[in-house]
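Numbering (the numbering used here), first residue to last: 14 to 193.
Here a beta-carbon is modelled for each residue, glycine too, at the ideal position from N, C-alpha and C.
The block underneath contains the structure these notes are about, expressed in structure tokens.
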């Protein structure tokens, strides 16, 4: 019989002092919790020991996805109110993206927004389940534009100052990627 999991089962207090704000310089020294499924015992290792922990004949699937700098700060063109968006995924339409927008309920459909020096614009086309559907307008390659003006979408428990040092921002772009 399987126990029914509830969301509250995952609610717990984690002291901020235990939350790393930056990855280790030697990534293979990151901590790794190992569960022995037969005995239920737990031991603590480092990622450098991973090859010795995986049983022979195991199937290993590598994750080669990359986090893109999809967090954008801009403004609404009509009233110059600031806007913050996070691009989630491209939808079926050309240059149409699903995104999260802070204060989405206060932004009207067809509102135009600008990002960077105006090299990227977006128009709010629809709302679906608290997500925005945006039509992006730009010249060139979107990847290049995002690499110039976008920020890494770090989780809320990793804190950065509003105008963080460019060196730190560049480190986040490189280091906030899956290496294992």
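Q.
Which residue wins for smallest C-alpha separation from residue 91, given the options 117, 21, 126 and 26?
A. Of 117, 21, 126 and 26, the residue nearest in Cα terms is 126.
Q) Buried or exposed: which applies to residue 163, given that a residue is buried once 16 or more other Cβ atoms fall within 10 Å of its Cβ? A) Burial call: buried.
Q. Quick one: what does DSSP say residue 148 is sitting in, helix, strand or coil?
A. Of the three classes helix, strand and coil, the one that applies to residue 148 here is strand, per DSSP.
Q: Would you decide whether residue 158 is buried or exposed? Buried here means 16 or more other CB atoms lie within 10 Å of its CB.
A: Residue 158 should be labelled buried.
Q) What first and last residue would you give for the beta strand (DSSP E) that runs through residue 95? A) For residue 95, the enclosing beta strand (DSSP E) starts and ends at 95-103.
**Q.** Rounded separation between residue 170 and residue 51 - CA only
**A.** One C-alpha to the other measures close to 34 Å.
Q. Which value, in whole angstroms, describes the spacing of the CA atoms of residue 196 and residue 93?
A. The chain is shown from 14 up to 193; residue 196 falls before or after that span and cannot be answered.
Q | Residue of 185, 58 and 122 minimising C-alpha distance to residue 140 | A | Answer by Cα proximity: 122.
Q) Could you check where the beta strand (DSSP E) with residue 140 kicks off and where it finishes? A) Counting along the chain, the unbroken beta strand (DSSP E) around residue 140 starts and ends at 133-141.
Q) Nearest-angstrom Cα distance between residue 32 and residue 43? A) Distance between the alpha carbons of residue 32 and residue 43 is about 13 Å.
Q | Continuous alpha helix (DSSP H) stretch holding residue 122: start and end | A | In the DSSP annotation of this structure, residue 122 is not part of any alpha helix (DSSP H), being labelled neither H nor E.
Q | residue 65: first and last residue of the uninterrupted alpha helix (DSSP H) it sits in | A | Residue range 63-66 is occupied by the alpha helix (DSSP H) that includes residue 65.
Q) What do you get for residue 29, buried or exposed, if any count of 16 or more other CB atoms within 10 angstroms of its CB means buried? A) Answer is exposed; the Cβ neighbour count stays below 16.
**Q.** Cα-Cα separation, residue 134 to residue 78
**A.** If you draw a straight line from the Cα of residue 134 to the Cα of residue 78, it comes to about 26 Å.
Q | Cβ-based burial, residue 165 [other Cβ within 10 Å; buried from 16] | A | With 16 or more other Cβ atoms inside 10 Å of its own Cβ, residue 165 counts as buried.
Q | Beta-carbon proximity of residue 147 to residue 112, cut-off 8 Å | A | Remark: C-beta atoms of residue 147 and residue 112 approach each other more closely than 8 Å.
Q | Paired residues, beta bridge with residue 87 - DSSP | A | When beta bridges are read from the DSSP output, residue 87 appears opposite 96 and 128.
Q: Can you tell me the Cβ-Cβ gap for residue 124 and residue 89, rounded? I've got them flagged as a contact below 8 Å.
A: Right, the Cβ-Cβ distance comes to about 6 Å (below 8 Å), so this counts as a contact.
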